[in-house]
Amino acid sequence: AQSVTQPDIHITVSEGASLELRCNYSYGATPYLFWYVQSPGQGLQLLLKYFSGDTLVQGIKGFEAEFKRSQSSFNLRKPSVHWSDAAEYFCAASDTGRRALTFGSGTRLQVQP
Amino acid sequence: DTAVSQTPKYLVTQMGNDKSIKCEQNLGHDTMYWYKQDSKKFLKIMFSYNNKELIINETVPNRFSPKSPDKAHLNLHINSLELGDSAVYFCASSQGGRTGELFFGEGSRLTVL
Numbered sequence: 303a304q305s306v307t308q309p310d311i312h313i314t315v316s317e318g319a320s321l322e323l324r325c326n327y328s329y330g331a332t333p334y335l336f337w338y339v340q341s342p343g344q345g346l347q348l349l350l351k352y353f354s355g356d357t358l359v360q361g362i363k364g365f366e367a368e369f370k371r372s373q374s375s376f377n378l379r380k381p382s383v384h385w386s387d388a389a390e391y392f393c394a395a396s397d398t399g400r401r402a403l404t405f406g407s408g409t410r411l412q413v414q415p
Numbered sequence: 025d026t027a028v029s030q031t032p033k034y035l036v037t038q039m040g041n042d043k044s045i046k047c048e049q050n051l052g053h054d055t056m057y058w059y060k061q062d063s064k065k066f067l068k069i070m071f072s073y074n075n076k077e078l079i080i081n082e083t084v085p086n087r088f089s090p091k092s093p094d095k096a097h098l099n100l101h102i103n104s105l106e107l108g109d110s111a112v113y114f115c116a117s118s119q120g121g122r123t124g125e126l127f128f129g130e131g132s133r134l135t136v137l
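Residue numbers (our numbering), protein chains in the order written: chain L, 303 to 415; chain W, 25 to 137.
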């Protein structure tokens, strides 16, 4: 079955530190891959997406993600975290024929001063 | 201008009641979705409509009935509400549907007492 796994439920980093959020997928073929962010009480906002081509993709708010086919991973990174980055982060994948996203369980990011 | 708007934002009701949540998008997208987010933040697709036609109907009790009067609106009606229906319901839209690039509303928090 198709699935998206985020192994870390909760991560705490200090402001200014680097960040990496993990995401693994299990699909028959390489799916489209996405990272979304959900601030408290808000809907989800797309950070970045990967369809094909360059395996390092840049997104909004200074985030980037790297697709690694050999590891079935699509990890999200940021070199220097800001307090406003505290939120829930969701990795998602889409089978090209399905028209709907499968989401991971989310990683809650807490930022310490 | 809100791109995807849902009403109401909060809904508290008794078991057995019937309630509706409305969704409208002004992005000109042709595909709309309902997602359910449970208390553990897990997001699961419920329905998807493309140009008013139902294209995804996940394993959802038939107490849930989506209605799409036009491609800018997708409403969700729930009959005979149960405690387990308590969740945040998100409406989303996309153009084309295959890219997984969704625009989400802010969510409607349903509490069933």
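Glycine included, every Cβ here is placed at the ideal spot set by N, Cα and C. Bear in mind the structure is a predicted one, so any value in this text is a computation, not a measurement.
Assignment of D387/L by DSSP, reduced to helix, strand and coil, places it in the helix class. By the neighbour-count criterion, in which 16 or more other beta carbons inside 10 Å mark a residue as buried, N74/W falls on the buried side. Taking C-beta atoms under 8 Å as the contact rule, M70/W and C115/W fail to qualify, at a distance of about 10 Å.
Check the Cα spacing between C325/L and each of A395/L, D356/L and F365/L: the tightest is with A395/L.
Listed as beta-bridge partners of P90/W by DSSP are L100/W.
In the structure shown, R324/L adopts coil according to DSSP, grouped into three states.
Distance from the Cα of T314/L is smallest, within the candidate group L403/L, A402/L and A389/L, for A389/L. Between the alpha carbons of N86/W and G40/W lies a distance of about 14 Å. A straight-line Cα-Cα distance of about 9 Å links V413/L and G318/L.
With fewer than three CB-CB distances shorter than 8 Å, the stretch 366-373 of chain L does not count as touching the stretch 47-65 of chain W. Listed in chain order, the positions of the stretch 337-348 of chain L with a beta carbon within less than 9 Å of a beta carbon of chain W are Y338, Q340, G343, Q344, G345, L346, Q347 and L348.
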